[in-house]
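Take 121 as the starting number for the sequence shown in this note's numbering and just add one per residue.
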Amino acid sequence: MNSIRRISVIAAMTVRAAVRSRVVLTLLGLIFFVILFLPASIRGDGTVEGYVRILLSYTLGAAAALLSLTSLWAGCAAVSGEIRARRMHVLVTRPVRRAEIWLGTWLGLVAVNAVVLAAAGAVTWGILRWNMRPSQLDADETGRLRREVLVARRALPPRPLIDAREVRGLAERWRREDRISGEADRSAVLEAARRTLRNRAGAVGPGESVRWTFDPPRAFPPGRPLHLRYELAASELGLVRIRGSWRTADGSFEQQVEIRPRVEETLTIPAAAAGGSGPIELSFFNEHDREVTLLFPHESDPELMIYETTFEVNFLRALLTVFAHLCLMSAVGVAAGTLFTMPVAVFTSSWLLLLLLCGGFVSDLARAPDLKGIPRAARPAARVYFKVLDAALSPLRGGDPLSDLSSGVSVTWTEVGGRWSSKVLLGGGAVALIGIGALRRKEIAALG
121 MNSIRRISVI AAMTVRAAVR SRVVLTLLGL IFFVILFLPA SIRGDGTVEG
171 YVRILLSYTL GAAAALLSLT SLWAGCAAVS GEIRARRMHV LVTRPVRRAE
221 IWLGTWLGLV AVNAVVLAAA GAVTWGILRW NMRPSQLDAD ETGRLRREVL
271 VARRALPPRP LIDAREVRGL AERWRREDRI SGEADRSAVL EAARRTLRNR
321 AGAVGPGESV RWTFDPPRAF PPGRPLHLRY ELAASELGLV RIRGSWRTAD
371 GSFEQQVEIR PRVEETLTIP AAAAGGSGPI ELSFFNEHDR EVTLLFPHES
421 DPELMIYETT FEVNFLRALL TVFAHLCLMS AVGVAAGTLF TMPVAVFTSS
471 WLLLLLLCGG FVSDLARAPD LKGIPRAARP AARVYFKVLD AALSPLRGGD
521 PLSDLSSGVS VTWTEVGGRW SSKVLLGGGA VALIGIGALR RKEIAALG
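Okay, here's the thing in structure tokens:
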């Protein structure tokens with residue numbers, strides 16, 4: 121109990137220090153400035169759905185980015201700043217363990233993040249509700265907003281158009297024909313073969329069709345419409361619109377569409393067209409009036425969106441996943457402040473944040489068949505380096521919850537638990553062990 125009390129006292133001291141910090145107060149002021157004025161400064165597509173997506177994705181995303189910087193700065197200053205100002209000297213002379221100092225400092229920053237994030241979420245929610253008032257939107261616009269954006273739907277992927285045996289066969293044929301270099305990574309070659317076959321299978325020539333099959337879950341919500349989210353490309357550049365039609369296998373539903381190439385579209389399918397509990401089969405027919413091949417890009421298979429829960433629950437889940445990231449950033453900042461002086465700590469923690477933001481680029485390098493920008497002799501070592509770095513960053517990455525929130529995609533409790541496990545327990549725990557170990561070995565009296 122005494123240990124918990126000491127940790128809580130240190131956490132309260134950290135909160136007071138963060139509140140007194142001009143840098144922290146400036147960043148917090150920027151957060152609320154962004155929330156209030158960013159949606160008005162960004163020009164969307166002119167629809168209420170576009171405005172709400174900007175409000176949820178860009179605004180909360182910018183607030184989360186600023187909070188990450190605030191967490192890093194406050195974490196670095198919480199230890200290194202206290203040592204430099206010689207306030208830490210008084211603290212370590214008392215019967216307080218170094219681990220309690222570190223944990224109390226981290227929990228104080230976590231508490232600040234929790235309050236500010238909750239306030240940012242509440243302000244965003246209030247702006248959203250204010251703009252949805254009856255005098256602002258009519259019933260049709262409100263209903264469309266509730267169906268398209270303010271909802272939580274699960275993305276159901278289709279069955280693959282190709283199987284693993286075809287992919288392996290094409291990769292082996294490439295090797296026999298010497299179409300790839302001998303030093304190319306096997307997984308990268310298989311991925312290139314998969315993309316090639318997938319593009320062939322997803323191509324729809326004039327008058328042809330392609331069938332997509334979806335396996336709905338057992339707990340399929342009855343009486344609710346489905347939404348098919350898809351994207352199409354065309355073999356001819358410069359086309360403004362392309363034409364086709366979607367049909368179910370039993371003919372109970374048919375819808376002609378005229379859409380823009382390379383723009384994500386959403387098709388509403390009545391609940392009655394879903395049929396029974398078996399697979400849902402949807403075919404797309406190329407009905408363009410010119411000899412044009414249409415293509416479902418390999419990186420974006422169509423997805424069948426199924427209702428899961430309300431937007432309010434999804435909003436809470438998205439904020440919880442953002443909060444997990446902020447807990448990790450606070451731990452990184454405190455650990456950096458423990459290991460280094462203030463300037464070095466800020467530089468190191470900012471570099472780690474940038475590395476996390478560039479995780480997708482690192483993943484692409486780890487899977488690239490050839491690292492052409494690197495000398496040939498250094499490519500094996502570079503490939504190993506990027507693979508190790510990608511493996512280290514992969515538990516800390518994840519989807520973008522705010523993008524899912526603004527797109528009406530469900531942020532599941534499984535994703536929330538996975539984010540907390542990887543970022544707080546795994547990542548934060550490892551950082552805490554490093555920081556506590558460094559603080560125990562640091563000679564406080566010799567510093568400052």
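Ideal placement from N, C-alpha and C gives every residue a C-beta, glycine not left out.
Based on the DSSP secondary-structure assignment, which residues constitute the bridge partners of residue i?
i: residue 505; result: DSSP, once it has assigned bridges, lists no residue as partnering residue 505.
i: residue 429; result: 272
i: residue 414; result: 324, 354
i: residue 405; result: 329, 365
i: residue 424; result: 276, 348
i: residue 378; result: 363
i: residue 529; result: 273
i: residue 174; result: BP columns for residue 174 are empty, so no partner.
i: residue 155; result: BP columns for residue 155 are empty, so no partner.
According to DSSP, is residue i helix, strand or coil?
i: residue 252; result: coil
i: residue 288; result: helix
i: residue 334; result: strand
i: residue 566; result: With a pLDDT of only 46 at residue 566, under the threshold of 50, the placement of this residue in the model should not be trusted, and no figure is reported.
i: residue 386; result: strand
i: residue 364; result: strand
i: residue 324; result: strand
i: residue 346; result: strand
i: residue 144; result: helix
i: residue 121; result: Low local confidence applies: a pLDDT of 49 at residue 121 is under 50, so the model's placement there is unreliable, with the coordinate-based value given in what follows. Residue 121 falls in the coil class under three-state DSSP.
i: residue 474; result: helix
i: residue 300; result: coil
i: residue 281; result: coil
i: residue 494; result: coil
i: residue 464; result: helix
Compute the Euclidean distance between the alpha carbons of residue i and residue j, then round it to the nearest angstrom.
i: residue 191; j: residue 542; result: 19 Å
i: residue 548; j: residue 353; result: 43 Å
i: residue 388; j: residue 405; result: 17 Å
i: residue 471; j: residue 279; result: 40 Å
i: residue 248; j: residue 194; result: 31 Å
i: residue 309; j: residue 287; result: 10 Å
i: residue 236; j: residue 261; result: 32 Å
i: residue 275; j: residue 424; result: 6 Å
i: residue 522; j: residue 233; result: 17 Å
i: residue 531; j: residue 437; result: 6 Å
i: residue 361; j: residue 408; result: 9 Å
i: residue 539; j: residue 434; result: 15 Å
i: residue 126; j: residue 345; result: 55 Å
i: residue 156; j: residue 529; result: 25 Å
i: residue 186; j: residue 238; result: 14 Å
i: residue 108; j: residue 196; result: What is shown of the chain runs 121 to 568, which leaves residue 108 out entirely.
i: residue 242; j: residue 504; result: 45 Å
i: residue 399; j: residue 368; result: 11 Å
i: residue 525; j: residue 497; result: 45 Å
i: residue 256; j: residue 250; result: 8 Å
i: residue 298; j: residue 292; result: 10 Å
i: residue 534; j: residue 269; result: 21 Å
i: residue 416; j: residue 149; result: 45 Å
i: residue 324; j: residue 403; result: 11 Å
i: residue 446; j: residue 188; result: 6 Å
i: residue 457; j: residue 144; result: 16 Å
Does the distance from the CB of residue i to the CB of residue j come in under 8 Å?
i: residue 414; j: residue 536; result: no
i: residue 265; j: residue 169; result: yes
i: residue 159; j: residue 146; result: no
i: residue 365; j: residue 377; result: yes
i: residue 281; j: residue 321; result: yes
i: residue 393; j: residue 343; result: no
i: residue 317; j: residue 290; result: yes
i: residue 556; j: residue 219; result: yes
i: residue 411; j: residue 277; result: no
i: residue 459; j: residue 558; result: yes
i: residue 428; j: residue 273; result: yes
i: residue 359; j: residue 381; result: yes
i: residue 231; j: residue 135; result: yes
i: residue 448; j: residue 544; result: yes
Our contact map puts residue i next to residue j with C-beta atoms below 8 Å; I'd like the distance itself, whole angstroms only.
i: residue 229; j: residue 132; result: In fact, because the Cβ distance is near 12 Å, the residues do not count as touching under 8 Å.
i: residue 222; j: residue 551; result: Residue 222 to residue 551, Cβ: 10 Å. No contact.
i: residue 420; j: residue 374; result: Contact flag wrong, Cβ pair sits at about 23 Å.
i: residue 226; j: residue 469; result: That pair is no contact at about 13 Å.
i: residue 154; j: residue 198; result: Not really, about 24 Å apart at Cβ, beyond 8 Å.
i: residue 200; j: residue 465; result: 5 Å
Any heavy atom of the ligand ZN within a distance shorter than 7 Å of the CB on residue i?
i: residue 308; result: As far as ligands go, the structure on display features none, and thus does not contain the ligand ZN.
Within 8 Å of any Cβ in chain B, is that where the Cβ of residue i sits?
i: residue 458; result: Of the chains in the structure shown, none is chain B; there is only one protein chain.
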